[in-house]
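See below for the structure under consideration.
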Amino acid sequence: MTSATAGRAIFFSGMTVIVGLMGMLFFENTGLPSLGWGGICATAVALTSSIVLLPAILSLLGDGVNSFKVPFSFGVDAGEEGFWSNIASGVMKRPFAVLVPSVIVLLLAGSPFLQAEYGITTYKALSPDDESRQGMELIDDNWPEYISNTALAVFETEDGVDPLREDNIRSLYRFSQEILSIDGTTYVRSHGYFDVNMSEDEVVDFWDSSNDGDLPPMEAMLISAQREYLNESFIGNGVVLLVVGIEGDESSVSSREVVLSIRDLETKNDQFGGSTTVNVAGVAAYNQDVIEAVAENLPISLAFILTTSYILIFLQVRSVVLPLKALIMNVLSVSASFGVLVWIFQMGNGADLLNFTPQPIDPTTPVMIFAILFGLSMDYEVLMLSRIHEEWERTGDNTKSVAVGLQKSGRI
């Protein structure tokens, strides 16, 4: 009997959690699909165990399930009246007096989310007194050439292309100067631009080894060593690297704008005879790509979660309005959570107490929170509506059904 009633509610509750987690599968090029599959598998195992394994175990145990019963309880009341039913009755007597303030509070709590800024997590997410963070900050302050915020232009050249040919060096030199004209760039390093004090002709002469025999042995050896270092640092097997230093944090909007500006330069496609594939990488570039991936796939993910959740609740309670009500209330509650997230971790309220540095919100965090929290909150919504629906089918009394349904599911 219990499986016939509660089992159905458990099935639909578990499915709403799975649907929420499935929303993460749409975000390709991020780590969200892996998290989604992990959550789906765990929920599916728990759901199967609850429906199949648990009844079998209880059947085997029989009355022995209460052999080690706790000698006290926390107000368990199997009746139809109690704390939760009193709350439900009080709310139903003054619905607007409760509904309007509640919605206003949720909207106010969620309003900071409208000012959310996005950026991937960096070392500054660590505690200010963390040793590894302090080390990175010292490097950024004292050795700008080794700053962690860089954009990497990676040129994949075709076979037979010589990066050290004069025309390729000159083209790369001019391209490097063009990048330096972009606001927010601090330096450019490549085999064609490694010293800001050297002119284009001087760089070409540097790579010309035909006159090395006329140089003093020590000077020739030093130049040869420098060539070897630059060759190993920036030229690979069919690959040429150009490093661009960027001002500010990797997760800042200005850093992403620098990446977009570099990607928009048409001259990058003219390097090495125009026969290369150019990829602009780095932490700031990854940040931009993740934000674009989330923004591109968010509408279809939300549509899938909301539509499928609506269908599941509709199948459970056979009502058109109740699923819509459940979706609206859960969206409001999750939005309030997002607002608190931004208010604390981005705006810095409570930063001293919690010992953290305010940072932009990782773009995958709201997606992950929505998928998990929405699924879990809908899970309880389905359980509660199931108990209310069961009571309504038994009595036909809407008011009593809500009160009794909440009384029997409120403690959960």
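Using numbering that gives the first Met the number 0, the first residue of the sequence shown is number 0, and each one after it goes up by one.
Note that the Cβ used here is the ideal one computed from N, Cα and C, for glycine as well.
Neighbourhood of residue i by C-beta distance below 6 Å, restricted to the same chain and skipping five residues each side
i: Trp83; result: Leu405, Gln406 and Gly409
i: Val282; result: Glu249
i: Ser334; result: Gly109
i: Ile343; result: Gly349
i: Ser300; result: Gly22 and Phe25
i: Asn141; result: none
i: Glu165; result: Val203
i: Glu390; result: Ser400, Val403 and Gly404
i: Phe313; result: Pro322
Local Cβ density within 10 Å of residue i, reported as buried at 16 or more and exposed below that
i: Leu98; result: exposed
i: Met383; result: buried
i: Tyr192; result: buried
i: Asp378; result: buried
i: Ala294; result: exposed
i: Pro322; result: buried
i: Ser253; result: exposed
i: Pro365; result: buried
i: Ala87; result: buried
i: Glu201; result: exposed
i: Tyr228; result: exposed
i: Ser426; result: Look at the range of the chain in this structure, 0 to 411, and you will see that residue 426 is not part of it.
i: Val195; result: exposed
i: Asn329; result: buried
i: Glu80; result: exposed
i: Leu311; result: buried
i: Phe369; result: buried
i: Ser385; result: buried
i: Arg255; result: buried
i: Val102; result: exposed
i: Ile304; result: buried
i: Gly134; result: exposed
i: Met48; result: Going by the sequence as given, residue 48 is Ser instead of Met. Looking at its Cβ environment, which holds fewer than 16 other Cβ atoms inside 10 Å, Ser48 is exposed.
Sequence-distant residues of the same chain with beta carbon closer than 8 Å to residue i, five excluded per side
i: Phe10; result: Leu46 and Ile50
i: Asn354; result: Ser126, Pro127 and Asp128
i: Tyr309; result: Pro322, Leu323 and Leu326
i: Thr121; result: Ser147, Asp248, Glu249, Ser250, Val282 and Gln358
i: Val341; result: Pro111, Phe112, Gln114, Ala115 and Ile360
i: Ala292; result: Phe26, Glu27, Asn28 and Thr29
i: Leu264; result: Phe174, Glu177 and Ile178
Within 8 Å, strictly: CB atoms of residue i and residue j
i: Ile234; j: Val203; result: no
i: Ile178; j: Val243; result: yes
i: Val381; j: Gln315; result: yes
i: Leu105; j: Ser376; result: no
i: Asp269; j: Ser198; result: no
i: Asn296; j: Phe112; result: no
i: Thr363; j: Thr29; result: yes
i: Ile221; j: Ser175; result: A small fix is needed here, since residue 221 is Leu in this sequence, not Ile. No; because the gap between Cβ atoms is not below 8 Å, this pair is not in contact.
i: Ile261; j: Val279; result: yes
i: Val277; j: Ile181; result: no
i: Glu246; j: Gly183; result: yes
i: Met91; j: Val401; result: yes
i: Trp206; j: Leu163; result: yes
i: Ala224; j: Asp211; result: no
i: Thr266; j: Lys123; result: no
i: Tyr285; j: Ile119; result: yes
7 Å Cβ shell around residue i - same chain, five flanking residues per side excluded
i: Gly374; result: Thr15, Val16, Val18, Gly19 and Leu20
i: Leu31; result: Met23, Thr363, Val366 and Met367
i: Leu372; result: Val333 and Ser336
i: Ala43; result: Ile17
i: Gly338; result: Ala108, Gly109, Ser110, Pro111 and Phe112
i: Thr394; result: Ser400
i: Ile387; result: Ser400, Val401 and Gly404
i: Glu155; result: Gly237, Val238, Thr275 and Thr276
One or two residues paired with residue i in a DSSP bridge
i: Ile234; result: Val239
i: Phe154; result: Val239 and Val277
i: Ile360; result: Tyr117
i: Arg188; result: Val242
i: Thr417; result: The requested residue 417 does not occur in the structure, where the chain is confined to residues 0 to 411.
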